[in-house]
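Residue numbers (the numbering used here), protein chains in the order written: chain A, 1 to 124; chain B, 1001 to 1124; chain C, 2001 to 2125; chain D, 3001 to 3125; chain E, 4001 to 4096; chain F, 5001 to 5096. To keep things clear, I will list the structure first and then write my remarks on it.
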Amino acid sequence: MSDLTSTKTIAIINSQAPFASAAGKEALDAALIFGSFEQATSLFFIADGVYQVIKAQDGALLELKDYLKTFSALPFYDIENIYVCQQSVIARGLTADSLLDNVQLLSSNDFSQRLHAHNVIYRF
Amino acid sequence: MSDLTSTKTIAIINSQAPFASAAGKEALDAALIFGSFEQATSLFFIADGVYQVIKAQDGALLELKDYLKTFSALPFYDIENIYVCQQSVIARGLTADSLLDNVQLLSSNDFSQRLHAHNVIYRF
Amino acid sequence: MHNTLALVVTTPPNSNLTTTAINLIKSALASGVEVIGVFFYQDGVLNAAKHLSIPSDEYQSLAHWQQLNHDHHIPLHLCITAAEKRGLSDEHGEHAQSTIAQSFTVSGLGELVELTSKAQRVVQL
Amino acid sequence: MHNTLALVVTTPPNSNLTTTAINLIKSALASGVEVIGVFFYQDGVLNAAKHLSIPSDEYQSLAHWQQLNHDHHIPLHLCITAAEKRGLSDEHGEHAQSTIAQSFTVSGLGELVELTSKAQRVVQL
Amino acid sequence: MLHIIRHSGFNSNALTLCLDTALAGDAILLMDDGCYNLTHPSLLAKCGKQTELKVYFVDLHAKARAIHTNQAAVSAIDMSAVITLIFQHENSITWS
Amino acid sequence: MLHIIRHSGFNSNALTLCLDTALAGDAILLMDDGCYNLTHPSLLAKCGKQTELKVYFVDLHAKARAIHTNQAAVSAIDMSAVITLIFQHENSITWS
């Protein structure tokens, strides 16, 4: 691949639950590639997307290969900004301590402000 | 095709708007086939499905072949029960006179009662 | 009492929804229910795609469908009109090759009417 | 000022959403915007299905995509991993034949990175 | 009637449509992502009302998603009980 | 930021997510089935509040669906104006 003409900040929004569609896995695949090309990439979880980052899920029970384990490895791909919408978490009866350790819970307004600060935003 | 072993009442529920997916067209195709095999078939429109039965739509503006015109021909296929959920219509800011002439507007409870009276129910 | 069940699959294969449909059929069989057929419609037709490529360590839905057909003689009916709208093809010949997997029967909506009429219960998944 | 645009198509072809995406590209061209490429991902990959069969009196999305590629040299990049998950195949040989339509380029996600980096604006449709 | 819900009512109208359509004597079965509705306010409100509506969920599907419930009014079942439910009810609707 | 909405907010959470995320100075573009949101109470409430939020819809897409609006706060535009909007805003999100 040729040298990239510019470096942009990329936001990947996850708005769907992990198992019933390919969206979560395909969003993560995209994020990892952007990260590996040294584009500053942040992950955002909102609405049912927050179900991707709750602890103690076990895809093996559904005969699924669990792509969710990759979330713990994201720092190795230089993806360190993982933002979760607090309002979505609360609306679903979840609590902060049910979430993975390396995510940041943000108020609606903070979540939105961070999102606005990115050059390109993809939603899955 | 062999003789059918039994005659059942079939309900086809439409819950999606007409243009953005194949659901409405494929639901109608199924209804017409059930009708042509003399299965007592009723059409139900609820939620965004009610957008399928509003007047003066013009798919041609979107370069679409307008399957919605078939709704007026349904009596020829012996499909005479076309039920529309009043609550869905009102929630969308639509009025009874924006609907096609040959549909019956039913209260939530009546809509539900009719639905329950069918042997097999498919949802699109 | 002899119970019969037909399944109408309208959801695509690259999701966990397919695994559930297949497991439901296996449970039905284990309970002594006769599954008289599966009809694939809407995005469900993609279940019949011959070239569907899923990593070997993931759930192989196609192989599971074929096994249900082979071991339990459950007919797998594919609505060809819905399939062709989604890029599948039943053509054969010099310049074309069917992209529909073995064990699936190319059908029309008439088969849905027949299954619906015959089965004691029909479930859409 | 020279404006450049890239499009990421994630919605399937058998809907009116595709017509809108194609019309948006045509409007961009008419406004003097350079469309540097289209990337097909998720269910959008079905846009590249060679056998996609749409009645002749309905909107022929595949022909429109190919025309955009032919007349305006807009690259049509297909994410092959996403495509294979949905039953498309790029294999050639005695027992297989590519099911990907002409004018589409088999690509990976690296191409999405490149388009994203190059274009002044990116829109997901 | 058996109502089968396979999607989250937070992102879609699947749960709302089901609850609007359900009559006394009906049963609701939460499968797949439908299990997320175990914490949905609309479902909890219905359960609290002691309506003649039975609510079941596939235990395995909830466990895989780390979704828990402490509602006495909902019953965890396995796939074989799902088959029983299907034949206990005259008809079914699958909401998505 | 430009928010592009292509689906009905009655069946899905597309509109809600957009409104929850929009900040002053943002624009909302209703395209395709997004035009159904022209009568959605949540959108009408926002328009009534005189927020610094601009709302546009693709005229042709609303006409084809027989969807009408008498809101002064929303603007009917054509596809060429959509292109202008895309370049007027730094970035965009497509909500579905």
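From the three backbone atoms N, C-alpha and C, an ideal C-beta is built for every residue, glycine too.
Thinking C-alpha only, which one of the options is nearest residue i?
i: E80 of chain A; options: A:Q87, A:Q52, A:E26 and A:T41; result: A:T41
i: L4 of chain A; options: D:Q3097, D:Q3124, D:G3110 and D:L3125; result: D:G3110
i: A3051 of chain D; options: D:S3107, D:G3108, D:T3099 and D:S3015; result: Strictly speaking, residue 3051 of chain D in this sequence is His, with Ala absent from that position. Nearest option by C-alpha distance: D:T3099.
i: A5024 of chain F; options: A:N119, A:Y122 and A:S112; result: A:S112
i: T2010 of chain C; options: C:N2003, C:A2021 and C:H2002; result: C:A2021
i: D29 of chain A; options: A:V84, A:A73, A:N119 and A:S107; result: A:A73
i: E26 of chain A; options: D:N3014, D:Y3041 and D:L3024; result: D:Y3041
i: A1117 of chain B; options: E:S4008, E:Y4056, E:V4074 and E:D4026; result: E:D4026
i: S2103 of chain C; options: C:Q2097, C:Q2120, C:H2064 and C:R2086; result: C:H2064
i: S4096 of chain E; options: B:A1060, B:T1009, B:K1008 and B:N1014; result: B:N1014
i: D4020 of chain E; options: B:N1102, B:N1119 and B:Q1086; result: B:Q1086
i: S5080 of chain F; options: F:D5059, F:N5037 and F:Y5036; result: F:D5059
i: V53 of chain A; options: A:S21, A:I90 and A:A17; result: A:A17
i: N3023 of chain D; options: D:S3061, D:D3090 and D:N3003; result: D:S3061
i: H4007 of chain E; options: E:A4066, E:H4068 and E:N4037; result: E:N4037
The alpha helix (DSSP H) that contains residue i, what's its start and end?
i: R114 of chain A; result: S108 to H116
i: I36 of chain A; result: The displayed chain sequence assigns Ser, not Ile, to residue 36 of chain A. Unbroken alpha helix (DSSP H) run through S36 of chain A: A23 to S36.
i: A2028 of chain C; result: N2016 to A2030
i: L5043 of chain F; result: P5041 to G5048
i: V3122 of chain D; result: Note, V3122 of chain D: premise wrong, no alpha helix (DSSP H); beta strand (DSSP E) at R3121 to Q3124.
i: L5038 of chain F; result: L5038 of chain F -> no alpha helix (DSSP H), and no H or E assigned at all.
i: I13 of chain A; result: From DSSP, I13 of chain A is part of no alpha helix (DSSP H) but of the beta strand (DSSP E) over T9 to N14.
i: I90 of chain A; result: Q86 to A91
Report the CB separation of residue i from residue j in whole angstroms; it is logged as a contact under 8 Å.
i: A3048 of chain D; j: L3078 of chain D; result: 5 Å
i: V2106 of chain C; j: I2080 of chain C; result: 5 Å
i: I4005 of chain E; j: G4048 of chain E; result: So it is not a contact: roughly 18 Å between Cβ atoms.
i: V1050 of chain B; j: S1088 of chain B; result: 5 Å
i: L2076 of chain C; j: I2025 of chain C; result: With 8 Å as the limit, L2076 of chain C and I2025 of chain C do not qualify as a contact, their Cβ atoms being about 11 Å apart.
i: Q104 of chain A; j: Y83 of chain A; result: 5 Å
i: L62 of chain A; j: A4064 of chain E; result: 5 Å
i: S1098 of chain B; j: K1055 of chain B; result: 6 Å
Rounded to whole angstroms, what's the CA-CA distance from residue i to residue j? Just pull it up for me.
i: F1124 of chain B; j: T4016 of chain E; result: 16 Å
i: I5083 of chain F; j: D3057 of chain D; result: 29 Å
i: D5032 of chain F; j: S2031 of chain C; result: 47 Å
i: L2125 of chain C; j: S5092 of chain F; result: 35 Å
i: V2035 of chain C; j: L2005 of chain C; result: 5 Å
i: Q5071 of chain F; j: P3055 of chain D; result: 39 Å
i: Y1122 of chain B; j: S6 of chain A; result: 51 Å
i: L4085 of chain E; j: Q3066 of chain D; result: 51 Å
i: A47 of chain A; j: F1037 of chain B; result: 44 Å
i: R1092 of chain B; j: D110 of chain A; result: 32 Å
i: S2117 of chain C; j: A2028 of chain C; result: 19 Å
i: C4018 of chain E; j: G35 of chain A; result: 42 Å
i: V3033 of chain D; j: H5089 of chain F; result: 15 Å
i: L5053 of chain F; j: A5062 of chain F; result: 20 Å
i: A3119 of chain D; j: D2071 of chain C; result: 54 Å
i: K5046 of chain F; j: E2114 of chain C; result: 51 Å
i: L68 of chain A; j: L1094 of chain B; result: 43 Å
i: S5075 of chain F; j: L1043 of chain B; result: 36 Å
i: G2108 of chain C; j: A5014 of chain F; result: 35 Å
i: P2012 of chain C; j: V2045 of chain C; result: 7 Å
i: A22 of chain A; j: Y2059 of chain C; result: 13 Å
i: F76 of chain A; j: L32 of chain A; result: 10 Å
What residue range does the beta strand (DSSP E) around residue i cover?
i: G2037 of chain C; result: E2034 to F2040
i: S4092 of chain E; result: S4092 to W4095
i: F76 of chain A; result: No beta strand (DSSP E) holds F76 of chain A; DSSP gives it neither H nor E.
i: V53 of chain A; result: Where V53 of chain A is concerned, there is no enclosing beta strand (DSSP E), given that its DSSP letter is neither H nor E.
i: Q2097 of chain C; result: Where Q2097 of chain C is concerned, there is no enclosing beta strand (DSSP E), given that its DSSP letter is neither H nor E.
i: L5030 of chain F; result: A5027 to L5030
i: T2105 of chain C; result: F2104 to S2107
i: T41 of chain A; result: A40 to F45
Can you find a heavy atom of the ligand FMN that lies under 7 Å from the Cβ of residue i?
i: K55 of chain A; result: This structure lacks the ligand FMN, and indeed carries no ligand of any kind.
Practice task
Mind checking the stretch 3003-3035 of chain D against chain B and listing, in chain order, the residues whose C-beta falls within less than 9 Å of any C-beta there?
Solution key: The stretch 3003-3035 of chain D vs chain B, Cβ under 9 Å: T3011, P3012, N3014, S3015, N3016, L3017, T3019, T3020 and N3023.
Problem - Cβ-based contacts, 8 Å cut-off: residues of the stretch 5005-5039 of chain F near chain E - result: Under the 8 Å Cβ criterion, the stretch 5005-5039 of chain F contributes F5010, N5011, S5012 and N5013.
Practice task
Name, going along the chain, the residues of the stretch 19-49 of chain A whose beta-carbon falls closer than 7 Å to a beta-carbon of chain C.
Solution key: The stretch 19-49 of chain A vs chain C, Cβ under 7 Å: F19, A20, S21 and A22.
Handout entry: chain C contacts made by the stretch 4054-4071 of chain E, where a contact means CB separation under 7 Å
Key = If the cut-off is 7 Å between Cβ atoms, the stretch 4054-4071 of chain E has nothing near chain C.
Handout entry: Within 9 Å of chain A by C-beta, residues of the stretch 3095-3115 of chain D in sequence order
Key = The residues in question are G3108, L3109, G3110, E3111, L3112, V3113 and E3114.
Handout entry: Residues, ordered as in the chain, of the stretch 3053-3064 of chain D that lie near chain C by beta-carbon distance below 8 Å
Key = Cβ contacts with chain C: S3053 and I3054.
Exercise for the section: Could you list the residues in the stretch 2071-2090 of chain C with a C-beta less than 7 Å from some C-beta on chain B, going in chain order? Expected result: Using a CB distance below 7 Å, the part of the stretch 2071-2090 of chain C facing chain B consists of A2082 and K2085, ordered along the chain.
Problem - Interface residues of the stretch 4077-4094 of chain E facing chain B [CB-CB below 9 Å] - result: Within the stretch 4077-4094 of chain E, the residues whose Cβ lies closer than 9 Å to any Cβ of chain B are, in chain order, E4090, N4091, S4092, I4093 and T4094.
Handout entry: chain E contacts from the stretch 46-78 of chain A (Cβ-Cβ distance under 7 Å)
Key = Taking 7 Å as the Cβ-Cβ cut-off against chain E, the residues of the stretch 46-78 of chain A that qualify are A47, D48, Y51, I54, K55, A56, Q57, D58, G59, L61 and L62.
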